[in-house]
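Numbering (our numbering), first residue to last: 64 to 267. Here a beta-carbon is modelled for each residue, glycine too, at the ideal position from N, C-alpha and C. Treat the numbers as computed from the prediction; the structure is a model and nothing was measured. This report refers to the structure that appears directly beneath it.
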Amino acid sequence: MKDLFSDPHWLSKLAYLSDVFEKLNGLNLSLQGNSTTLFTVLDKIQAFKRKLNLYVTQLDSNDLSSFPSLTTFLEENELANDDIHVLRFEIKDHLLQLGKNFDKYFPPGNTNDLEWIRNPFAENSDTGASEDQESFIDLTCDSNMKDLFYNSSTLVEFWMKIQNAYPSLHKRALKALLPFVTTYLCESGFSQMCFPWVFPQVSK
């Protein structure tokens, strides 16, 4: 094992992986929070998948600027041209496989039928449910509701506030939005309960 730490090719792959894990960690952190919704998750995942495609395109142009740790390592250590060529091939193969895994676990989906939740006041917005059409028309023509929507800090906040005025729309919207929020709240609440038990043990 110790011999690997004197192997420039292995170390270069380690530097690359540190960059990748930093990007994955950034994605993970961006998906956390009590205001995370279905739309937040889908948007962030889609953006990351497009970034993976960008990295592959850059790699084909011998551009490694998206991997700063790897770039620094290669600048400070001389690798044979053949080794660099193999390294680029391995990185490209890994990025493509990573993209396939993201497609497997997060397949492209059509959320057009939920766009009315993201922005009910967008042109041609439609709930897709005939029983809610009249209520939805009332909502979209209500200037007070429009002001409330654009002054709300989150989608959840807006749809919570209209519960009494538009109960059916409220229920459908929250059903799509709340699973992510409640999961985060449960996890963060559990962590807060655990910390008082963990830290005293550590300090003793």
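Assigned with DSSP and collapsed to three states, Gly89 falls in helix. The beta carbon of Phe102 is closer than 6 Å to those of Arg181 in its chain, skipping five residues each way along the sequence. Cβ contact annotation for Asp82 (same chain, cutoff 8 Å, sequence separation greater than five): Ser129, Phe130, Pro131, Ser132, Leu133, in chain order. In this structure, DSSP gives Pro170 a state outside helix and strand, which the three-state scheme calls coil. Cβ contact annotation for Phe169 (same chain, cutoff 6 Å, sequence separation greater than five): Ile108, in chain order. Of the residues assessed, Arg113 falls on the exposed side of the cut-off, its CB having fewer than 16 other CB atoms within 10 angstroms. Counting the other Cβ atoms within 10 Å of the Cβ of Leu117 gives fewer than 16, which makes it exposed.
Trp73 counts as exposed, since fewer than 16 other beta carbons sit within 10 angstroms of its beta carbon. Of Lys86, Tyr229, Ile147, Met223, the smallest CA-CA separation from Leu237 is found for Met223. Leaving aside the five residues that flank Ser98 on each side, the residues in its chain whose CB is nearer than 6 Å to its CB run, in chain order, Thr217. Here Ala192 has Arg235 as same chain residues with Cβ atoms under 8 Å from its own Cβ, once five neighbours each way along the sequence are excluded. In the DSSP annotation of this structure, the continuous segment of the alpha helix (DSSP H) that includes Leu137 starts and ends at 131-139. Contact between Leu94 and Val104 holds, with the beta-carbon distance rounding to 6 Å and staying under 8 Å. In this structure, Leu177 is the residue among Asp205, Leu177, Phe212 with its C-alpha nearest to the C-alpha of Ala239. For Glu220, the enclosing alpha helix (DSSP H) stretches over residues 218-224.
In this structure, Asn144 keeps its C-beta atom at 7 Å or more from the C-beta atom of Pro71.
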